[in-house]
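In my numbering, the protein residues as written are 17 to 207.
Note that the Cβ used here is the ideal one computed from N, Cα and C, for glycine as well.
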């Protein structure tokens, strides 16, 4: 039985090796974790919509030992709450220069750049994307970003793109089946 139609085995050997080496997944927010739309109320309150599949994917990936980070140029309490609820270890808000935040993250994590994936959607994400071992973009990113990405998701930002990446990392690292088995076991116990 095929659990997922898109697997790391369908990737080139070079790209599969990049996914396999990831120890830290760094995410942009607007356009990656959300669809990029900004809803701001009359009171100035900012609202964002996140996809539940992404959140579970992040938790499952974290359970395998791959850490998560967020680097975003905006500042929002809702993003902080989302980071806390999904187990994000490192959180940078208001990062006007994302490369500075990425370099700090490398320094405090003790990881090599090649062990990090950065998932972005716009040109402000390019500096850390160009430095990391796996640069990932969503399909509606500008051409310059798409041209400098190792992988472009099949799903749009805010519509399961993060989950897709989490599953590809787990598949490449051989941890996907174990993470999914817990749900299959629960289903058979319930029957």
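From the DSSP output, which residues share a beta bridge with residue i?
{"i": "residue 106", "result": "85"}
{"i": "residue 43", "result": "86 and 135"}
{"i": "residue 56", "result": "62"}
{"i": "residue 168", "result": "153"}
Please report the straight-line C-alpha distance between residue i and residue j, rounded to a whole angstrom.
{"i": "residue 86", "j": "residue 200", "result": "31 Å"}
{"i": "residue 30", "j": "residue 149", "result": "11 Å"}
{"i": "residue 151", "j": "residue 94", "result": "26 Å"}
{"i": "residue 75", "j": "residue 182", "result": "9 Å"}
{"i": "residue 167", "j": "residue 153", "result": "6 Å"}
{"i": "residue 127", "j": "residue 34", "result": "15 Å"}
{"i": "residue 135", "j": "residue 100", "result": "19 Å"}
{"i": "residue 83", "j": "residue 32", "result": "19 Å"}
{"i": "residue 197", "j": "residue 60", "result": "44 Å"}
{"i": "residue 57", "j": "residue 63", "result": "8 Å"}
{"i": "residue 171", "j": "residue 180", "result": "7 Å"}
{"i": "residue 116", "j": "residue 157", "result": "22 Å"}
{"i": "residue 191", "j": "residue 80", "result": "7 Å"}
{"i": "residue 98", "j": "residue 165", "result": "26 Å"}
{"i": "residue 104", "j": "residue 142", "result": "21 Å"}
Assuming residue i and residue j make a contact with CB atoms under 8 Å, what is their CB distance in whole Å?
{"i": "residue 16", "j": "residue 40", "result": "Only positions 17 to 207 of the chain appear in this structure, which leaves residue 16 out of reach."}
{"i": "residue 42", "j": "residue 144", "result": "7 Å"}
{"i": "residue 195", "j": "residue 23", "result": "Actually they are not in contact, since the Cβ atoms of residue 195 and residue 23 sit about 14 Å apart, beyond 8 Å."}
Would residue i and residue j qualify as a contact pair, given that the criterion is a beta-carbon distance under 8 Å?
{"i": "residue 173", "j": "residue 50", "result": "yes"}
{"i": "residue 37", "j": "residue 130", "result": "yes"}
{"i": "residue 44", "j": "residue 120", "result": "no"}
{"i": "residue 107", "j": "residue 147", "result": "no"}
{"i": "residue 77", "j": "residue 185", "result": "yes"}
{"i": "residue 48", "j": "residue 139", "result": "no"}
Would you check whether the ligand NAP has a heavy atom nearer than 7 Å to the C-beta of residue i?
{"i": "residue 33", "result": "You won't find the ligand NAP in this model; it holds no ligand whatsoever."}
Return no unless some Cβ of chain E is closer than 8 Å to the Cβ of residue i.
{"i": "residue 26", "result": "No chain E is part of this structure, which consists of one protein chain only."}
Would you check if there are 3 or more beta carbon pairs closer than 8 Å linking the stretch 60-79 to the stretch 144-161? no
Taking 8 Å as the threshold, find out whether the stretch 106-113 comes into contact with the stretch 79-96 through three or more Cβ pairs. yes
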